[in-house]
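*Asks:* Sharing a structure with you now.
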Amino acid sequence: MGTLTGRVAFVTGAGSGIGRACAIGLAAEGAMVFVTDIDAPGGRETVAQIEAAGGLATFRGQDVTEEDRWAELVQRVMDLYGRLDILVNNAGIGTSGLITDVTLEQWLHQMNVNVTSCFLGIKHALPAMRSPRPDGHVGGSIINISSVAGLGGSAGMSAYCASKGAVRLMTKAVAMECAAMRDGIRCNSVHPGIIDTPIWQKLDTSGALVSAVTPGANALDVDVIGAGAPVGHAGKPEDIAAGVVFLASDASRYMTGSELVIDGGWTAH
Ligand code: NAP
């Protein structure tokens, strides 16, 4: 029996990178995983990988910026399984560019996908997590994927840093609120460093940005940037999933409002 057998987890952005690894990791511990992503083929592939390993998962398409869809999907989870134990707010995008070049439209989109999504997810998941469960389990675990960019600044990443800093403090405020209500629901943030996922290929690699972030480089190469971590290399999505599984499980029952940094020493300087 896994540490999460019988639990139900909702993971956003689970069709790629860190979200996929989290979904696979949670399923390997016995959770039933509700996989969502705006990328339907990616989400279905995640479910296929979980099922091939003997786990349980289902996929639904979701744009995490849409409130109606959040309400619909949380209701769907309750109709199907009668419980929601774990929410991983992982879906995210990286808007890169010097602040003088970032448009208002880009800024608002960055905030919607990375910050408003967490607000909506938490708002709609909390009532479901507070519902009584057949096995008497009380509480839940909300895990928000922030970043080392939510702990310190990076040139060319002002919108992204602002979004991840907001996720960090929203996490703490929700943790305080749940603790005050004695509802047993914990809320923590995870702060990955440089992790080898497709997000790096989706960043704008304009010359001004690249030279600001990585002097001498002509592309945002995750291996080049990752080599700047004290351990000398980028991390893998599974490195983050291990922390998420820990925060989802009862092993972390006394942790709430905390920041789990998994960054190969990036922020230890
Ligand atoms: P990724 O491989 O690009 O995965 C992100 C997933 O989210 C993609 O499938 C993406 O779909 C999806 N997505 C984008 N916009 C969405 C929306 N509006 N609604 C629903 N899904 C949406 O990136 P990742 O590296 O795994 O990133 C996962 C999280 O980790 C993000 O919050 C990111 O900021 C954070 N993080 C990553 C790193 C890193 O170095 N990789 C470091 C620190 C923090 P599309 O491909 O169709 O856009």
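Sequential numbering from 13 applies to the sequence shown in our numbering. Backbone N, C-alpha and C fix where the C-beta goes; we use that ideal spot for every residue, glycine too. From a predicted model like this one, the values you see are computed outputs, not experimental measurements.
With L68 as the anchor, note down where its beta strand (DSSP E) starts and where it stops.
*Replies:* Residues L68 to G73.
*Asks:* Straight-line CA distance for H136 to A83?
*Replies:* Looking at the two C-alpha atoms, the distance is approximately 6 Å.
*Asks:* Whole angstroms are fine: how far does the CA of A254 sit from the CA of E271?
*Replies:* Taking the straight line from one Cα to the other gives about 14 Å.
*Asks:* At a cut of 8 Å, does the segment 147-161 reach the segment 231-248 through at least three beta carbon pairs?
*Replies:* Verdict: no, contact absent.
*Asks:* Ends of the beta strand (DSSP E) at A192?
*Replies:* Segment S170 to M193 is the alpha helix (DSSP H) holding A192; no beta strand (DSSP E) there.
*Asks:* Compute the distance between the beta-carbons of V179 and N101, then report whether it is under 9 Å.
*Replies:* Yes. Within cutoff.
*Asks:* In chain order, what residues of the same chain have a beta carbon less than 7 Å from the beta carbon of I111, not counting five sequence neighbours either side?
*Replies:* The residues are S170.
*Asks:* How big is the Cα-Cα spacing for L16 and V256?
*Replies:* Straight-line Cα distance between these residues: approximately 12 Å.
*Asks:* Is any heavy atom in the ligand NAP found nearer than 8 Å to the beta carbon of W212?
*Replies:* Yes, the Cβ of W212 comes within 8 Å of a heavy atom of the ligand NAP.
*Asks:* Mind checking who R198 pairs with in its DSSP beta bridge?
*Replies:* According to DSSP, R198 bridges with S153.
*Asks:* Can you have a look at A161 and say buried or exposed, based on whether 16 or more other CB atoms are within 10 angstroms of its CB?
*Replies:* Answer is buried; the Cβ neighbour count reaches 16.
*Asks:* Thinking V45 and V23 are a contact (beta carbons under 8 Å), I'd like their distance in whole angstroms, please.
*Replies:* 6 Å between Cβ atoms; contact.
*Asks:* Starting from the C-beta of I197, find all residues in its chain whose C-beta is less than 6 Å away, skip the five residues before and the five after it, and write them out in chain order.
*Replies:* Closer than 6 Å at the Cβ level, and outside the excluded window around I197, lie M141, G151, G152 and C190.
*Asks:* Using only the alpha-carbon positions, how far apart do A167 and F71 sit?
*Replies:* So the two alpha carbons sit approximately 36 Å from each other.
*Asks:* Mind checking which residues open and close the beta strand (DSSP E) that includes D49?
*Replies:* Note, D49: beta strand (DSSP E), M44 to D49.
*Asks:* Leaving out five residues on either side along the sequence, give the residues of the same chain with a beta carbon under 7 Å from the beta carbon of G25.
*Replies:* These residues qualify, in order along the chain: G31, D49, N102, A103 and G104.
*Asks:* Could you check whether A33 and I252 sit closer than 9 Å to each other, using their CB atoms as the reference points?
*Replies:* Yes, these two residues count as a Cβ contact at 9 Å.
*Asks:* Should I98 be listed as close to the ligand NAP, given that the test is whether its C-beta is under 8 Å from any heavy atom?
*Replies:* No, the Cβ of I98 stays beyond 8 Å of every heavy atom of the ligand NAP.
*Asks:* Return the first residue and the last residue of the beta strand (DSSP E) that E79 is part of.
*Replies:* Unbroken run through E79 is the alpha helix (DSSP H), E79 to Y93; no beta strand (DSSP E).
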